[in-house]
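Worksheet: one structure, shown below.
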Amino acid sequence: MGRLSFNDIDKSKFISQVYKVEGRYVCLSIEKTVYSLTSVILKVCLYLSKMKVIFAITILVYIAVVFTEPIIEPECPDEDGPNATLLKDPYHCDSYYVCVEGEPILMKCPPGLHFHDALKTCDYPRKAKCKPLPLPSS
């Protein structure tokens, strides 16, 4: 039998940890067999260490993407029309946005009034019938 190659080794039997035991480096298998670090065994241990790191990063990215709520940003037209573009604030009833050259500018209604999206003006809350979205958790 010739020398072992990287592909000859069953990587599922290794714990990807390198230990120093009695002055020499070893890699531990699941069956608690200690392998001296030949270059092939070292490659297996390092390969598995990288796989654990890649797996952990993948899980963290997945969690970050799936479990974070997107913040709804107002979308203004690129060019101003003859009338001002007014957009409701999805999170606060007492504010709205005015679009200026494609950029939303936050504005507040006078105290006690809510933005009426259909009429594009500040109005009494009972007429505006605003239902704000809950703020995204951070």
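Residue 14 in my numbering sits at position 12 of the sequence shown; the count goes up by one each step and never skips. In this text, a Cβ means the ideal position worked out from N, Cα and C, and glycines have one as well. If you're wondering where the values come from, they're calculated on a predicted model, not measured in any experiment.
Note on Y99: 16 or more other CB atoms within 10 angstroms of its CB, so buried under the neighbour-count rule. The Cβ atoms of C95 and P136 lie no closer than 8 angstroms to each other. Between F117 and D91, the CB-CB gap stays under 8 angstroms. A Cβ-Cβ contact shorter than 8 angstroms links C101 with L89. Boundaries of the alpha helix (DSSP H) around P127: 127 to 130.
The beta carbon of K129 sits closer than 7 angstroms to those of H118, all from its chain and outside the five residues before and after it, given in chain order. Cβ neighbours of S97 within its own chain (closer than 8 angstroms, five residues either side excluded): D91, L108, M109, K110, C111, F117. Beta bridge pairing from DSSP links C101 with T87, P106. Going by C-alpha positions, I56 is about 11 angstroms away from V63.
The beta carbon of G104 is closer than 6 angstroms to those of C78, D80 in its chain, skipping five residues each way along the sequence.
The beta carbons of P76 and P106 sit closer together than 8 angstroms. Under the DSSP assignment, H94 falls outside any beta strand (DSSP E); it carries neither an H nor an E label. Ranking L121, D125, A120 by CA distance to the CA of P113 puts D125 first.
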